[in-house]
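Below is one structure, written out as structure tokens, with a few remarks after it.
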């Protein structure tokens with residue numbers, strides 16, 4: 733089970749930090765996962781924001797490169813998304829996911845950026 737937190741309302745130029753906790757994962761299993769953050773707006777598909785693999789290699793969407801940072805703490809079974817210099821187009825529901833053959837998703841957390 734993945735539980736996201738940290739969403740909310742922020743003004744353009746502001747920052748938020750999302751957290752995702754893999755509550756039921758075993759540490760050794762969690763550390764092997766590739767984890768990712770995706771986001772989705774109404775009527776659109778879920779798009780990749782950032783991804784981090786078990787070797788801490790990261791990958792970002794072009795739209796967030798240089799503004800967002802994904803990180804993980806395997807000892808806490810958590811993955812984070814630090815979002816800086818946010819823009820109204822970052823407004824979406826953000827989902828944490830375990831990138832296995834059949835991805836596992838959290839319930840999502842709403843992020844709203846006002847102009």
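In my numbering, the protein residues as written are 733 to 847.
Beta carbons are placed, not taken as given, at the ideal position from N, Cα and C, and that holds for glycine.
Distance between residue j and residue i (C-alpha atoms, nearest Å)
i           : j           : result
residue 781 : residue 828 : 10 angstroms
residue 751 : residue 775 : 25 angstroms
residue 811 : residue 788 : 11 angstroms
residue 814 : residue 802 : 6 angstroms
residue 739 : residue 841 : 5 angstroms
residue 759 : residue 786 : 12 angstroms
residue 795 : residue 736 : 22 angstroms
8 angstroms Cβ shell around residue i - same chain, five flanking residues per side excluded
i           : result
residue 831 : 765, 766, 767, 768, 783
residue 846 : 741, 742, 743, 744, 820
Spatial neighbours of residue i in its chain, beta-carbon cut-off 6 angstroms, leaving aside the 5 residues before and after
i           : result
residue 754 : 734, 762, 809
residue 837 : 827, 829
residue 790 : 784, 802
residue 823 : 844, 845
residue 799 : 816, 817
residue 746 : 818
Within 8 angstroms, strictly: CB atoms of residue i and residue j
i           : j           : result
residue 748 : residue 818 : yes
residue 793 : residue 805 : no
Distance between beta carbons of residue j and residue i, contact taken as under 8 angstroms
i           : j           : result
residue 820 : residue 744 : 6 angstroms
residue 843 : residue 772 : Not quite, the Cβ-Cβ distance comes to about 11 angstroms (not below 8 angstroms), so this is no contact.
Same chain, Cβ closer than 7 angstroms to residue i, neighbours up to 5 away in sequence not counted
i           : result
residue 757 : 809
DSSP beta-bridge partners of residue i
i           : result
residue 771 : 779, 826
residue 807 : DSSP lists no partner for residue 807.
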